[in-house]
Amino acid sequence: MKKILAIAFLFLAFGANAQDKKITKPEVVEASCGQCNFGMKGKGCSLAVKIDGKPYFVDGTKIDDHGDSHGADGFCSKVRQAEVTGEIKNDRFVASSFKLLPEKKGKKK
C-alpha cells in the first residue's frame with residue numbers, strides 16, 4: 024500500500040511540474056485583458072497572455088504599464104501581439120521581459 028501511495032505521489036508531483044514552461048528566447052504571443060477577451064475569471068481587468076493556446080495571467084508587468092487598457096488600441100479593446108520571455112509557474116506567466124509589438128497596419132490602396 025505504501026508503494027502505491029509513493030508512486031501516486033510521484034505522478035502528482037510530475038503532473039504539477041508538467042505545466043511549468045520556461046521561455047528563454049523571445050517568443051511572440053497573444054496578449055490582452057484576460058477577463059475581457061480571453062474569458063478568464065477574475066476581478067477587474069488583468070493582463071494575460073496565451074501560450075500554446077492557453078491563457079495565463081501575467082506577473083511582472085501590469086495591464087496599464089502598456090498604455091490605456093480601455094483605449095481604442097488597449098488590451099480590453101483588442102488582442103495584441105507581444106514578445107515575451109519568462110516562465111509559467113503555478114498556472115501564471117511570470118514575465119522576465121514583455122515587449123508590446125506595434126499593430127500591423129492594413130495595406131494602403
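So the sequence shown is numbered by this note's numbering: it starts at 24 and just counts up by one. Where a beta carbon is used, it is the ideal one built from N, C-alpha and C, also for glycine.
Alpha-carbon spacing of G67 relative to K48, whole angstroms:
31 Å
I need the straight-line Cα distance from G94 to A54, nearest angstrom please.
15 Å
Does G97 pass the burial test, meaning 16 or more other C-beta atoms within 10 Å, or should it be called exposed?
buried
Taking the CB atoms as reference points, tell me whether V102 and E110 lie closer together than 8 Å.
no
Taking the beta strand (DSSP E) that C56 falls in, what are its first and last residues?
K44 to C56
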